[in-house]
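**Q**
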Amino acid sequence: MDYDDDNMMNVTHMAIFTSSLNAISHTPATSSPYIMDSIPIVKRKDKAAHGTYRTKDTILQIYDQMQTAVATGTSYQTWLNPPPADLSCTHPPKG
Numbered sequence: 022m023d024y025d026d027d028n029m030m031n032v033t034h035m036a037i038f039t040s041s042l043n044a045i046s047h048t049p050a051t052s053s054p055y056i057m058d059s060i061p062i063v064k065r066k067d068k069a070a071h072g073t074y075r076t077k078d079t080i081l082q083i084y085d086q087m088q089t090a091v092a093t094g095t096s097y098q099t100w101l102n103p104p105p106a107d108l109s110c111t112h113p114p115k116g
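Per the working numbering: the sequence shown = residues 22 to 116.
1. Any C-beta of chain D sitting closer than 8 angstroms to the C-beta of threonine 99?
2. How big is the Cα-Cα spacing for proline 104 and tyrosine 97?
3. DSSP on threonine 76, reduced to helix/strand/coil?
4. For a quick check, are the C-beta atoms of threonine 73 and methionine 57 less than 8 angstroms apart?
5. Given a cut-off of 8 angstroms on the beta-carbon distance, is the pair isoleucine 83 and tryptophan 100 in contact?
6. In the DSSP assignment, find the alpha helix (DSSP H) that holds aspartate 67 and state where it starts and stops.
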C-alpha cells in the first residue's frame, strides 16, 4: 500500500469506530454513510482518483465483516498492516 491507501485505511477504521459508538442511537447502515457524507473533501478526492467513493464503500464493507464476526463469534481480521498495537510500531526501550 502507498501513503494514500494507508491513510484511507486509517480514516476507514476511525469512521467504523465512530459508527460503532453511534450505533446505540442509529443503525450502522445510516450512521456510517451520514458520517462519511459529512467529509466532502474525502468524497471528492476518492471520486476523482477512483471514480467511486472508495473510502465509504470500504467502511461499509469492513463494518459488515466486523458485524459478521460478532454474530458468528469469530475473530475479525483487520485490514491494517501492521495491525493496531503491533510491537513493530513502538519506540525502542529507553536505556
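The beta carbon of each residue, even a glycine, is placed where N, CA and C say it ideally should be.
**A** Put simply:
1. The structure shown has no chain D; it contains just one protein chain.
2. The straight-line gap separating the alpha-carbon atoms of proline 104 and tyrosine 97 is approximately 12 angstroms.
3. helix
4. no
5. Yes.
6. 61-71
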